[in-house]
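Chains as they are written, first to last, in my numbering: chain B, 1102 to 1216; chain V, 28 to 136.
Each residue gets a CB set at the ideal place from its N, CA and C atoms; glycine is no exception.
Treat the numbers as computed from the prediction; the structure is a model and nothing was measured.
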């Protein structure tokens, strides 16, 4: 089956630093990748939709200059949290579509803690 | 806008049947998903409905009524390992998933 990986699985960083999270489709080419954020005991909130070779589409309320998304290839999308603050601490999950948009495969998630 | 509602918590007994309801009002509809999520893990796919009716897959079934904006997930022969959060999600017109807040199911002995 289709496998999506994320790296790192968890990261702790200091306030003011930047963190990059990678999302890779391991055995398929993903035309579209999605980035979600999940706070404790809450559901997943879509942050942005990323298509290979084009700019990401951000959801309302998500700062595109703070959450930089780069979908440079059909197997890799990266999310960079710039100038991280404690309130950015969350569980970040990506998903990838191979062909049909309803076939989304989720990565295992990255837990970010900003101290 | 997007509005997806499901109960916050439910409790059921091992071996029983439980139905988790979801109502939605979204801009565009390209199908409804149910996911299972254990704490600290990513969601895992359970079912996908795009047409009205019941889809059965083993112990899990999912129903959709598009005219009513309503779906339910039915879990039969509950097992302790079924204790998890169950997420209802609608695939919108932009083909992104809009998730409900999730229903935390506790299965007791």
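Taking Cβ positions, are residue i and residue j nearer each other than 8 angstroms?
i: residue 33 of chain V; j: residue 48 of chain V; result: yes
i: residue 1179 of chain B; j: residue 1171 of chain B; result: yes
i: residue 60 of chain V; j: residue 118 of chain V; result: yes
i: residue 1181 of chain B; j: residue 1115 of chain B; result: no
i: residue 84 of chain V; j: residue 74 of chain V; result: yes
i: residue 41 of chain V; j: residue 105 of chain V; result: yes
How is the beta strand (DSSP E) around residue i delimited, first residue to last?
i: residue 1206 of chain B; result: 1205-1207
i: residue 1108 of chain B; result: 1105-1108
i: residue 82 of chain V; result: 80-84
i: residue 1150 of chain B; result: 1146-1152
i: residue 1123 of chain B; result: 1120-1126
i: residue 32 of chain V; result: 30-32
i: residue 1170 of chain B; result: 1168-1174
For residue i, collect the residues of the same chain with a Cβ closer than 6 angstroms to its Cβ; drop the 5 residues on either side in sequence, then sort them by chain order.
i: residue 1151 of chain B; result: 1134, 1157, 1170, 1172, 1178
i: residue 1145 of chain B; result: 1137, 1139
i: residue 29 of chain V; result: 53, 125
i: residue 91 of chain V; result: 59, 76, 79, 98
i: residue 1197 of chain B; result: 1105, 1126, 1131, 1134, 1206
i: residue 44 of chain V; result: 103
i: residue 1200 of chain B; result: none
Please go through the same chain and pick out, in chain order, the residues whose beta-carbon is closer than 8 angstroms to the beta-carbon of residue i, but skip the five residues on each side of it.
i: residue 122 of chain V; result: 57
i: residue 1174 of chain B; result: 1153
i: residue 127 of chain V; result: 31, 32, 33, 49, 51, 114, 115, 116
Find the residues of chain V that neighbour residue i, judging by a C-beta separation of less than 9 angstroms, and give them in chain order.
i: residue 1209 of chain B; result: 68, 69
Please list, in chain order, all residues of the same chain as residue i whose beta carbon is under 7 angstroms from its beta carbon, the five residues on each side excluded.
i: residue 109 of chain V; result: 102, 132, 134
i: residue 1081 of chain B; result: Outside the displayed span of chain B (1102 to 1216) sits residue 1081 of chain B, for which this structure offers no information.
So residue i contacts chain V; which residues on that side make the cut at Cβ distance below 8 angstroms?
i: residue 1214 of chain B; result: Going along chain V, no residue has its Cβ under 8 angstroms from residue 1214 of chain B, so there is no contact; the nearest lies around 13 angstroms.
i: residue 1135 of chain B; result: 123, 124
i: residue 1170 of chain B; result: None at all; the shortest Cβ gap to chain V is about 14 angstroms.
Going along chain B, which residues have a C-beta under 8 angstroms from residue i?
i: residue 114 of chain V; result: 1144, 1145
i: residue 128 of chain V; result: 1143, 1144
i: residue 125 of chain V; result: 1147
i: residue 121 of chain V; result: 1150, 1158
Residues of chain B with CB closer than 7 angstroms to the CB of residue i, please, in chain order.
i: residue 111 of chain V; result: The premise fails here: residue 111 of chain V is roughly 13 angstroms from chain B at the closest Cβ pair, so nothing lies under 7 angstroms.
Cβ closer than 9 angstroms: which chain B residues qualify as neighbours of residue i?
i: residue 80 of chain V; result: None at all; the shortest Cβ gap to chain B is about 16 angstroms.
Please compile the residues from chain V whose C-beta is within a distance smaller than 7 angstroms of the C-beta of residue i.
i: residue 1205 of chain B; result: 124
Using 8 angstroms as the Cβ pair cut-off and three pairs as the minimum, do the region 1196-1214 of chain B and the region 1102-1114 of chain B touch? Touching, yes, given that three or more Cβ pairs across the two stretches are closer than 8 angstroms.
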